[in-house]
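Let me begin by presenting the structure, written as structure tokens, before commenting on it.
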Amino acid sequence: MASAAISRGEILHLYRSLLRTARQFCDYNIREYTKRRTIDAFRQNQNLTDSSAISAAYSDGKSQLDVAKRQAIVYSLYAPTIKSVMEA
Amino acid sequence: MAASTNSLISMQSRSGMAASRICSLKPVSVSNQGRSFLSFGFRSMPARSLRVSCAAKPETVEKVCEIVKKQLALAEGTPVNGESKFTTLGADSLDTVEIVMGLEEAFGISVEEESAQSIATVQDAADLIEKLVEKKD
Numbered sequence: 001m002a003s004a005a006i007s008r009g010e011i012l013h014l015y016r017s018l019l020r021t022a023r024q025f026c027d028y029n030i031r032e033y034t035k036r037r038t039i040d041a042f043r044q045n046q047n048l049t050d051s052s053a054i055s056a057a058y059s060d061g062k063s064q065l066d067v068a069k070r071q072a073i074v075y076s077l078y079a080p081t082i083k084s085v086m087e088a
Numbered sequence: 001m002a003a004s005t006n007s008l009i010s011m012q013s014r015s016g017m018a019a020s021r022i023c024s025l026k027p028v029s030v031s032n033q034g035r036s037f038l039s040f041g042f043r044s045m046p047a048r049s050l051r052v053s054c055a056a057k058p059e060t061v062e063k064v065c066e067i068v069k070k071q072l073a074l075a076e077g078t079p080v081n082g083e084s085k086f087t088t089l090g091a092d093s094l095d096t097v098e099i100v101m102g103l104e105e106a107f108g109i110s111v112e113e114e115s116a117q118s119i120a121t122v123q124d125a126a127d128l129i130e131k132l133v134e135k136k137d
């Protein structure tokens, strides 16, 4: 494998980080959406073989992770007081 | 004179007029056993001696099996027990990460990156969960 290629471990680390960040949202809808979207996106790109496509998808995922982390903090400043009906 | 029960030995040696060498040896050698017997609870004792088998409670294994079955959407009759490997059940690495996330949420624990990568069977997951739940308490 070329040294510039993204390793499987890094991809799984990104996946885990996205799912963990999704848990930090206080809004039920955004939390569920983030989880759903990461699962769908990673499944969709599961079979990529071209290394440039893989690294493009990986850097896209990383920027999304940064967005999610920032937004989790911002949303927590305006946390809803009432829990959503969907939550148990 | 030598007490058969561990807890009495320390008291006996104080009053014993036996040779001091013997006295000093007894508490050291036996009280170690005494300490290890008394201080470890039921749960950690098997974990200390037998790391791989029967270290996790069956309820934990049961709960893990339930979560795995739900995550992988397995048919009702599929046998899932402690020895089932995730790969044989049809899980790929993404599924394994999702399963570990689900377990974290169900048990209220936080699994490290390296430990998560070493999980291969249901039993591994249950053992790790037990260890983390213990540490948390």
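Each protein sequence line maps, in turn, to chains W and C. Position 77 of the first sequence, counting from 1, maps to 77 under full-length UniProt numbering, and the rest follow consecutively. Position 34 of the second sequence, counting from 1, maps to 34 under full-length UniProt numbering, and the rest follow consecutively. Ideal Cβ placement from N, Cα and C applies to all residues, glycine included.
Query raised in the report: Where W:Thr59 and W:Ser51 are concerned, what is the direct C-alpha to C-alpha distance, given to the nearest angstrom?
Result: For the sequence presented, residue 59 of chain W should be read as Ser rather than Thr. Cα atoms of W:Ser59 and W:Ser51: separation of roughly 12 angstroms, rounded to the nearest angstrom.
Query raised in the report: For the alpha helix (DSSP H) that contains W:Ile73, what are its first and last residues?
Result: 51-77
Query raised in the report: DSSP on C:Thr88, reduced to helix/strand/coil?
Result: coil
Query raised in the report: According to DSSP, is C:Thr121 helix, strand or coil?
Result: strand
**Report entry** Where C:Pro79 falls: helix, strand or coil (DSSP)
**Finding:** coil
Query - Which of helix, strand or coil DSSP assigns to W:Phe25 - result: coil
Query - Cβ-Cβ separation, C:Thr78 to C:Ile129 (assumed contact under 8 angstroms), whole Å - result: Not really, about 21 angstroms apart at Cβ, beyond 8 angstroms.
Requested in this report: Measure the C-alpha to C-alpha separation of C:Asp127 and C:Thr87 and round it to an integer number of angstroms.
Outcome: Spanning the alpha carbons of C:Asp127 and C:Thr87 requires a straight line of approximately 18 angstroms.
Query raised in the report: Quick one, are the C-beta atoms of W:Leu65 and W:Leu18 less than 8 angstroms apart?
Result: yes
Query raised in the report: What residues in the stretch 5-33 of chain W have a beta carbon less than 9 angstroms from any beta carbon of chain C?
Result: Arg8, Gly9, Ile11, Leu12, His13, Tyr15, Arg16, Leu19, Arg20, Arg23
Query - Contact list for C:Val97 against chain W, beta-carbon separation under 8 angstroms - result: Leu12, Tyr15, Arg16, Leu19
Query - Straight-line Cα distance separating C:Pro58 from W:His13 - result: 30 angstroms
Query raised in the report: According to a CB-to-CB cut-off of less than 7 angstroms, which residues of the stretch 66-94 of chain C neighbour chain W?
Result: Ser93, Leu94
Query raised in the report: Counting only beta-carbon atoms, is W:Arg43 nearer than 8 angstroms to chain C?
Result: Output row for W:Arg43: interface = yes.
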